[in-house]
Amino acid sequence: MIEAFIPTLSLILLLKCAMKKRLFVIVLYLIIFNIIFFIFVFGKGSWGVIKTSYMLAPFALSLIINMQVVLAIYFREKGAGYVLLSSFFPPLFFSFWSFDLIMPSHPLMIFYQFDELYKILPRFNKNIINIIIIYALPFFFLLPLRKSMLLIIIMLLMFFIRWGLIEYEKLGIKVLVVQTGMFLSKHEEIVELRNEIFKYNNADIVIFSESPAIGFKEGSRTAFTRELLDEIKGKNDGKLYILNNYGFVDDKKYNYNLSLYIMNGSMRIKAKNKLVPLWEVPGLFYSKSDWDSPFFSVPSEKMIEQYKFRGLYINSYICYEAMFTKHNSDVNDLTIIQSNYESFKKGYDRIVKNGNVLAYVNKSSSFKNFISVQNMGGTIFVDNTGKFHWDVYKKSLKQAIFLLEI
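And the structure:
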């Protein structure tokens, strides 16, 4: 936990520098901070990401903070109060207009994963309020020391009084976690995946990770996918199956990265609405891709996000889209992320943990129950009190499919 303070302290030092130093020195400090924070998030995988992004990734990750620093330089002659007020604008603006590229990511978000600190961090129902507070908090250190410390202590105490005493409440459901890629890496026949899943008769919800194995795009196991979907749709067992599907054929062709909700023969689809630049789309911005293309498209029509299951409201997101601020006011009892971090060979453990903490802050509904199912192991569960259950994470690194009571 101690090393998590390094990016935050670097940021505070950068802000103090922005109030007094020459532009050249500020730019130097800014570059150093961007690199420090990026390395903290990506660890050993940093250089690989930096190379593939043409050296832009560190600055993209901290772009909102960088814009705050620019405003701080502009308003510094007017005093710390003006700079503090200006700090609210970049996170507010880019939370609504992300251009599908700019994601809220801040060193203070990392602290939500620690038992010693999560109870004093903001957890308002509106994610955007928490994000703005997090981005503005370091700017309080620009005020006179006594005033800044008093304001911060009062704020953290208020947060603790409001959320620190929340009791853990179980939803009363059993979730079968299916880390598809991890299972297939240990078994020769894909049919073994189907056999293993249907062993768990007492599961209420079956959640599959994001995986290219299930689907109809190039590289998918299409015959198995068709048989698996037909079998699940033919069941009347009262279970909710949430699958990830790379393209889907059922009278229609959908060139989307999909979540499929299947229960008692009925099915609903929900498409991923933010795609990874240069990976899931050919450039930085979206363009419609044909079915035969290796890339995906985003639906023009809005899809229903919530799913009601036994009186519980559920919502799910697929990997990259979980990194952007939740805007709608729907309150969900369970937020699900279907992820695949398989391409991060180096620094996998660090990237999975930090990536999912950022997703939790951006997308968890009212900070209620949150599950991120990873394709190659590293599933994360956070309960309604905000506690990260790292025992679940450790179990997921050893066991590809397991039952989780929440």
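Quick note on the working numbering: the sequence shown kicks off at -10 and runs consecutively.
Glycine included, every Cβ here is placed at the ideal spot set by N, Cα and C.
Beta strand (DSSP E) runs contained entirely in the stretch 192 to 220, provided each spans 3 or more residues: Runs found: 194 to 197.
Inter-residue Cα distance where the pair is I162 and P133: Whole-angstrom Cα-Cα distance: 50 Å.
Simplified DSSP assignment, three categories, for R460: Look at the range of the chain in this structure, -10 to 395, and you will see that residue 460 is not part of it.
Residues near K206 in its chain [Cβ-Cβ closer than 7 Å; skip 5 each side]: The beta carbon of K206 sits closer than 7 Å to the beta carbons of Y235, G236 from its chain, once the five residues preceding and following it are set aside; these are given in chain order.
Buried versus exposed call for K40 [16 or more other C-beta atoms within 10 Å across all chains shown]: With fewer than 16 Cβ atoms within 10 Å of its Cβ, K40 is classed as exposed.
Three CB pairs or more closer than 8 Å across the stretch 172 to 186 and the stretch 297 to 315: Taking 8 Å as the limit for Cβ pairs, the verdict is that the stretch 297 to 315 does not touch the stretch 172 to 186.
DSSP beta-bridge partners of Y302: Answer is K297.
Terminal residues of the alpha helix (DSSP H) in which Y71 lies: That run of the alpha helix (DSSP H) goes 69 to 75.
Backbone secondary structure at M(-10) - three-state DSSP: M(-10) carries a coil assignment under DSSP once its states are collapsed to helix, strand and coil.
Contacts around F129, its chain only, beta-carbon distance under 6 Å, and the 5 residues preceding and following it disregarded: Taken in chain order, the residues that qualify are S137, L140, I141.
Rounded C-alpha distance that separates V166 from S198: Each residue's alpha carbon lies about 8 Å from the other.
Extent of the continuous alpha helix (DSSP H) to which I91 belongs: Counting along the chain, I91 falls outside any alpha helix (DSSP H), and DSSP gives it neither H nor E.
Reference P127; option with closest CA among K263, N116, L97: For P127, the nearest C-alpha among the options comes from L97.
For I91, the nearest candidate out of P266, K261, T214, V362 (CA to CA): It is P266 whose Cα lies nearest to the Cα of I91.
C-alpha distance - D239 paired with V59, whole-angstrom precision: Cα to Cα, the separation comes out at about 51 Å.
Enclosing beta strand (DSSP E) for I142 [first to last residue]: First-last for I142: 134 to 152, but that is the alpha helix (DSSP H), not the beta strand (DSSP E).
One or two residues paired with F377 in a DSSP bridge: Beta-bridge pairing links F377 to V371.
Residues that R339 bridges to, as DSSP identifies them: Note: R339 sits in no beta bridge, so no partner.
Cβ-based neighbour list, N119, same chain, cut-off 7 Å, excluding 5 preceding and 5 following: Contacts found: P111, R112, F113, V350.
F391 and H378 closer than 8 Å at C-beta: The answer is no: Cβ separation not under 8 Å.
Same chain, Cβ closer than 6 Å to C6, five either side skipped, listed in chain order: These residues qualify, in order along the chain: I15, Y18.
Backbone CA spacing between G153 and R11 [nearest angstrom]: G153 and R11: Cα-Cα distance of roughly 42 Å.
According to DSSP, residues forming a beta bridge with Q324: Sequence check: residue 324 is Thr here, not Gln. Paired residues: N304, F359.
Beta-carbon spacing of K384, N373 below 8 Å: No. Outside cutoff.
Between the CA atoms of I54 and L2 - distance to the nearest angstrom: If I take the Cα positions, the gap works out to 13 Å.
Segment contact, 8 Å Cβ cut-off, at least three pairs: the stretch 74 to 82 with the stretch 20 to 34: The stretch 74 to 82 is not in contact with the stretch 20 to 34.
Pick from S94, Y157, T314 that is closest to W86, judged by C-alpha positions: Out of S94, Y157, T314, T314 has the C-alpha closest to the C-alpha of W86.
Residue range of the alpha helix (DSSP H) that includes N225: Run containing N225: none; DSSP gives neither H nor E here.
Beta-carbon proximity of M312 to L264, cut-off 8 Å: Not a contact, by the Cβ cut-off of 8 Å.
Candidates I194, S278, E269, D279: closest to M252 by CA position: For the residues I194, S278, E269, D279, the minimum Cα distance to M252 belongs to I194.
When R257, K277, Y302 are compared against M292, the one with the closest alpha-carbon: Checking every option, the nearest Cα to that of M292 belongs to R257.
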